[in-house]
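Here's the structure, in structure tokens; my notes come after.
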Amino acid sequence: MGALQQVLVVDDGVRAADRSLAGELAEMGYASVTASLEAADDVLAVIARPAAVLLQAPSSRNPAYVRLAARLRAQMRDQGIPVILINEASHRAGAPIDLRSRIGAYVVSEPDL
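First residue of the sequence shown: -7, per our numbering; consecutive thereafter.
This is how it looks when you write it as structure tokens:
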């Protein structure tokens, strides 16, 4: 059975169906792991290398999300892991987020046992 690459989604805990990235990621062949802002570092420490980190901020100017995004970008740059800050308001308003071009649409497979 193949293993899906994981994407870490950091959000504010509000996970309404019209704002959820999990469905979009699943359609692209990714497994998503969702964490709060406060737990993001702890989750990163225990999951396998993520394909990307998506920060779903309540607003584009939320300083905590902006700081975390900047720190993670610097930390993950050498590993080639994209860190994407998503403005929650624009996502909810129906603005498309082109995740496919930003993180790719591929699945890492392991051989069947």
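We put the beta carbon where it would ideally sit given N, CA and C, even for glycine.
**Report entry** Run of the beta strand (DSSP E) containing Val75, from where it starts to where it stops
**Finding:** Working through the sequence shown from its first residue, we reach residue 75 at position 83. Residues Val75 to Asn79.
Report task. Output the boundary residues of the alpha helix (DSSP H) element that contains Ala14. Result -> Indexing the sequence shown from 1 puts residue 14 at position 22. Membership of Ala14 in the alpha helix (DSSP H) is indicated by the continuous run Ala14 to Glu19.
Requested in this report: Can you grab the Cα-Cα spacing for the pair Arg65 / Val75, in whole Å?
Outcome: Here residue 65 refers to the residue found at position 73 of the sequence shown. Here residue 75 refers to the residue found at position 83 of the sequence shown. Taking the straight line from one Cα to the other gives about 6 Å.
Report task. Give the DSSP bridge partners of Val1, in chain order. Result -> For the purposes of this step, residue 1 is taken as the residue at position 9 of the sequence shown. Answer by DSSP bridge pairing, in chain order: Thr26 and Leu46.
Query raised in the report: Counting along the chain, where does the alpha helix (DSSP H) carrying Arg65 start and finish?
Result: For the purposes of this step, residue 65 is taken as the residue at position 73 of the sequence shown. Unbroken alpha helix (DSSP H) run through Arg65: Pro55 to Met68.
Requested in this report: Just mark Asp3 as buried or exposed, buried being the case when its beta carbon has 16 or more other beta carbons within 10 Å.
Outcome: On the sequence shown, position 11 is the one that residue 3 refers to. For Asp3, the number of other beta carbons within 10 angstroms of its own is at least 16, and it is reported as buried.
Query raised in the report: What three-state label does DSSP hand Val35 in the structure shown?
Result: What you label residue 35 is simply residue 43 of the sequence shown in a count that begins at 1. Note: Val35 maps to helix in three-state DSSP.
Query raised in the report: Using the beta-carbon count (16 or more within 10 Å), is Val100 buried or exposed?
Result: Position 108 of the sequence shown, counting from 1, holds the residue named residue 100. Low confidence applies to Val100: its pLDDT is 40, below 50, so where it sits in the model is not reliable enough to give any reading.
Query raised in the report: Between the C-alpha atoms of Glu19 and Val45, what's the straight-line distance to the nearest angstrom?
Result: Taking the first residue of the sequence shown as position 1, residue 19 is located at position 27. Taking the first residue of the sequence shown as position 1, residue 45 is located at position 53. Inter-residue distance for Glu19 and Val45 is about 17 Å (C-alpha atoms, whole angstroms).
Query raised in the report: When the distance is taken between beta carbons, is Gln48 closer than 8 Å to Val(-1)?
Result: For this step, residue -1 is matched to residue 7 along the sequence shown. For this step, residue 48 is matched to residue 56 along the sequence shown. For Val(-1) and Gln48, no; Cβs fall outside 8 Å.
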